[in-house]
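Chemist: Pasting a structure here, questions to come.
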Amino acid sequence: MENLVIKGSHGTFFTPNVTFSTSGICEISGESYLEESFEFYDNLIKWIDNFFAEGASSIQLSFKLTYFNTSSSRAILDLLTSLKGHQEEGKEVMVNWYYPDPDNDEMRMEAEDYIDETGLEINLISYPA
Amino acid sequence: MTEHNMYLLKYIPKMEFNLLDYQTKMEEGYKILLYYKGPFDELILTKIGNYLRTKFSDTPKAGSKIFAIFIEMAQNISYYSAETDLFDDNMKRYGIGTIVVNELEDCYKLISGNMVTHDTASEIIEKCQKINTLDVEGLRNMKKEARSAPRKDNHKGGNIGLIQMAIKSENNLEVEAKHFDELHSFLTISTIIDKKDLS
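These protein sequences, in sequence, are chains A and B.
Each step along the first sequence adds one to the number in the working numbering, with nothing skipped, and position 48 is 48.
Each step along the second sequence adds one to the number in the working numbering, with nothing skipped, and position 144 is 273.
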């Protein structure tokens with residue numbers, strides 16, 4: 001099992017930075033506006049599935065996104081739902097959601113909606129923008 | 130170019146291209162920040178998006194809202210416009226449409242227009258009417274409901290673009306369909322962002 005690292009880019013599309021480490025410390029940051037949102041996030045879901053399948057017991061995923069479009073938002077929901085599934089199977093899942101202050105993109109609200117939808121506990125952490 | 134396209138090109142009567150048809154009404158009281166008509170391919174979408182962000186770098190809250198609404202409008206046109214680029218190689222077709230951003234004294238106004246089938250027009254009008262009855266909590270609930278629905282094949286988006294536009298603008302979505310021909314309507318969706326909400 002290898003770390004998954006995707007370097008964010010800001011070209012025609014905005015690809016977020018992804019660093020998923022086999023240590024269980026994982027992060028998604030930057031902006032997410034992709035050609036194939038589902039494909040991109042399905043890839044992350046698969047990595048996490050394998051990570052747990054190979055015996056890991058805990059993961060900490062931090063979101064530090066500053067913008068995502070609605071099709072990414074749908075794919076991120078799938079990622080969080082999948083994490084909830086792992087938690088229900090007894091894995092330790094911790095999700096941190098960083099939002100800027102002032103919060104022009106209403107990132108905190110987005111996280112609150114995800115908490116509602118998935119039943120997952122998400123730590124909301126503000127940082128000065 | 131495919132044979133089919135060649136055929137079309139050969140047999141379309143050569144029309145005079147009258148730019149005056151594309152001229153906006155000259156009215157007092159607003160400033161045009163953007164007027165684009167054409168295919169919404171990825172490059173145009175990103176270039177215009179970045180232009181809007183740069184333009185509003187001094188007022189980031191306005192910039193964030195205008196950018197987010199622009200992206201959703203542009204993606205709707207790109208994926209769902211009934212008019213697509215004839216000259217593309219058929220591997221990928223991009224919807225054609227118009228997006229206008231105007232600045233008025235007390236607000237910014239974003240307008241999108243594109244061709245859709247009559248059925249799509251009715252669907253979108255119905256959805257906008259429902260959206261317009263909801264407050265922000267109602268919109269968030271509608272968004273959550275739509276987002277939790279199973280993925281649709283051939284549906285690239287989250288099916289929540291219109292709801293997101295209303296959440297971001299904090300205003301109603303004005304929607305109008307004008308009969309174009311037997312199959313199509315020209316659909317216009319617009320919304321405003323009040324400057325007083327941006328401080």
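Where is the CB? At the ideal position from N, CA and C, for every residue including glycine.
Quick check: the Cα distance between A/V18 and B/D310, rounded to an integer number of angstroms?
Modeler: For the purposes of this step, residue 18 of chain A is taken as residue 18 along the first sequence, with counting starting at 1. For the purposes of this step, residue 310 of chain B is taken as residue 181 along the second sequence, with counting starting at 1. So the alpha carbons of these two residues sit roughly 48 angstroms apart.
Chemist: Going by C-alpha distance, which of B/K272, B/T227, B/K160 is nearest B/N243?
Modeler: For the purposes of this step, residue 243 of chain B is identified with residue 114 of the second sequence, where counting begins at 1. The candidate whose alpha carbon is nearest that of B/N243 is B/T227.
Chemist: How big is the Cα-Cα spacing for A/E110 and A/V95?
Modeler: For this step, residue 110 of chain A is matched to residue 110 along the first sequence. For this step, residue 95 of chain A is matched to residue 95 along the first sequence. Their Cα atoms are separated by approximately 14 angstroms.
Chemist: By Cβ distance below 7 angstroms, which residues in the same chain neighbour B/M135 in space, the five residues on each side in sequence not counted?
Modeler: Taking the second sequence and counting its residues from 1, the one referred to as residue 135 of chain B is at position 6. Note that B/M135 has pLDDT 47, beneath the 50 cutoff, so the model's placement of it is unreliable and the number below is only indicative. So the list is empty, once near-sequence residues are dropped.
Chemist: If the criterion is Cβ atoms closer than 8 angstroms, does the pair B/L239 and B/I195 meet it?
Modeler: Within the second sequence, residue 239 of chain B is the residue found at index 110, counting from 1. Within the second sequence, residue 195 of chain B is the residue found at index 66, counting from 1. Yes. Within cutoff.
Chemist: DSSP three-state label for B/S298, please.
Modeler: Position 169 of the second sequence, counted from the first residue, corresponds to residue 298 of chain B. In the structure shown, B/S298 sits in a helix (DSSP, three-state: H, G or I).
Chemist: Helix or strand or just coil, what does DSSP make of B/E279?
Modeler: The residue you call residue 279 of chain B lines up with position 150 of the second sequence. Note that residue 279 of chain B is Pro in the sequence shown here, rather than Glu. B/P279 falls in the coil class under three-state DSSP.
Chemist: Apart from the five residues on each side of it in sequence, which residues of its chain come closer than 6 angstroms, Cβ to Cβ, to B/M130?
Modeler: Your numbering for residue 130 of chain B matches position 1 in the second sequence. Annotation note: pLDDT 44 at B/M130 (below 50); position unreliable, coordinate value reported separately. The answer is none, since no qualifying residue turns up.
Chemist: Mind checking the region 256–276 of chain B against chain A and listing, in chain order, the residues whose C-beta falls within less than 8 angstroms of any C-beta there?
Modeler: R269, K272, K273, R276
Chemist: Taking all protein chains shown into account, do 16 or more other C-beta atoms lie within 10 angstroms of the C-beta of B/V230, making it buried, or fewer, making it exposed?
Modeler: To locate residue 230 of chain B, count along the second sequence from 1; it is residue 101. It is buried - the Cβ of B/V230 has at least 16 other Cβ atoms within 10 Å.
Chemist: Please list, in chain order, all residues of the same chain as A/L77 whose beta carbon is under 8 angstroms from its beta carbon, the five residues on each side excluded.
Modeler: Locating residue 77 of chain A in the first sequence gives position 77, counting from the first residue. Only Y114, E117, T118 meet the Cβ criterion.
Chemist: Given 8 angstroms as the limit, is there contact between the region 190–206 of chain B and the region 256–267 of chain B, that is, 3 or more CB pairs closer than that?
Modeler: Note that the region 190–206 of chain B does not touch the region 256–267 of chain B; fewer than 3 beta-carbon pairs, one per stretch, sit closer than 8 angstroms.
Chemist: Tell me the DSSP secondary structure of B/Y136 in three-state form.
Modeler: Along the second sequence, one-based indexing puts residue 136 of chain B at 7. Any answer about B/Y136 is weak, because its pLDDT of 48 lies below 50 and its placement is not dependable; what the coordinates show is given next. Residue state, collapsed to three classes: helix.
Chemist: Where do the N-terminal and C-terminal ends of the alpha helix (DSSP H) with B/P189 fall, by residue?
Modeler: What you label residue 189 of chain B is simply residue 60 of the second sequence in a count that begins at 1. It spans 189–209 - the alpha helix (DSSP H) in which B/P189 sits, taken as one unbroken run.
Chemist: Identify the contact partners of B/I289 in chain A, using a Cβ-Cβ distance below 8 angstroms as the criterion.
Modeler: As a working note, residue 289 of chain B is residue 160 in the second sequence. Going along chain A in sequence order, the residues near B/I289 (Cβ under 8 angstroms) are T70, S73, R74.
Chemist: Using a Cβ-Cβ distance cut-off of 8 angstroms, determine whether B/K325 contacts chain A.
Modeler: The sequence position of residue 325 of chain B within the second sequence is 196, counting from 1. Taking Cβ atoms only, chain A never reaches closer than 8 angstroms to B/K325, which makes this a no.
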